[in-house]
Amino acid sequence: MRRHRIRALIAVLIAVILQTTVFPRPFGASPNLVMLVAIGIGLYMDPELAVVSGFVGGFLNDLLGNTILGLWALVITVVAYGASQYRRQAEGNLIRMILGIFALTIAGQILFGIVGTLFGQGFLADTSLVIGVLLTGVLSLMLAVLVLPLVSRLVAGGRWFALVGPGPERAIW
């Protein structure tokens, strides 16, 4: 189990580095790679590992980004926990999995906007908020086709799995 934790941490670190350095923000939106990796860990591993990975990824994203400290940490932690709980509902159904990933990404962006506004960031006052949230959801969903199989392979011991049931030893893709 220790190996899975180290691999999950490596996946989160790679996601944070790529998110903060590579992805441009056309129309004020970009795919949220850190959130996708946290969703993947939530879908493939234990809820405890998903929550810790989400917090670490979000906190590092806060440190390297330009938001208040702890905002992304809170949001990605909640989304990772949601993904770990959604795993059972999406079992065996690819359409539910796709819709769940899209819904979790959108919910994370909305939660980010609400909590950020509560702490004085004024995200809800932005006129392009809806377009940005939807565009982020679509871009993240497109990127999920590449990211989630890689996360599955990394955290599940280097093997590909089919969607066969819940449990930390099984993966979705």
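Counting in my numbering, the sequence shown runs from 15 upward without gaps. Backbone N, C-alpha and C define an ideal beta-carbon position, used for all residues, glycine too. As the structure is a prediction and not an experimental result, all values here were calculated from the model.
CB-CB length for residue i against residue j, believed under 8 Å
| i | j | result |
| --- | --- | --- |
| GLY36 | GLY71 | In the sequence under discussion, the amino acid at residue 36 is Val, which differs from the Gly named in the question. Contact flag wrong, Cβ pair sits at about 15 Å. |
| PHE137 | GLY151 | So it is not a contact: roughly 16 Å between Cβ atoms. |
| ILE124 | VAL147 | 6 Å |
| LEU74 | VAL30 | 4 Å |
| ALA43 | LEU153 | 6 Å |
| ASP76 | ALA94 | With a Cβ gap of about 15 Å, ASP76 and ALA94 do not count as contacting. |
Through-space distance from residue j to residue i, alpha-carbon basis
| i | j | result |
| --- | --- | --- |
| SER166 | ALA117 | 20 Å |
| VAL129 | ILE20 | 30 Å |
| ILE115 | GLY56 | 11 Å |
| ILE28 | LEU50 | 12 Å |
| LEU168 | ALA139 | 39 Å |
| MET156 | GLU62 | 27 Å |
| ASN46 | GLN33 | 7 Å |
| ALA52 | VAL65 | 8 Å |
Residue burial classification, residue i (beta-carbon count within 10 angstroms, cutoff 16)
| i | result |
| --- | --- |
| ARG17 | exposed |
| MET59 | buried |
| PHE133 | exposed |
| ALA104 | buried |
| GLY54 | buried |
| LEU149 | buried |
| ARG101 | buried |
| THR141 | exposed |
| GLY68 | buried |
Chain B contact for residue i (CB, 8 Å cutoff)
| i | result |
| --- | --- |
| ASN75 | Judged by its chain identifiers, the structure shown contains no chain B, having just a single protein chain. |
Exercise. For the 8 Å Cβ check, are there 3 or more pairs between the segment 106 to 121 and the segment 65 to 84?
Worked result: no
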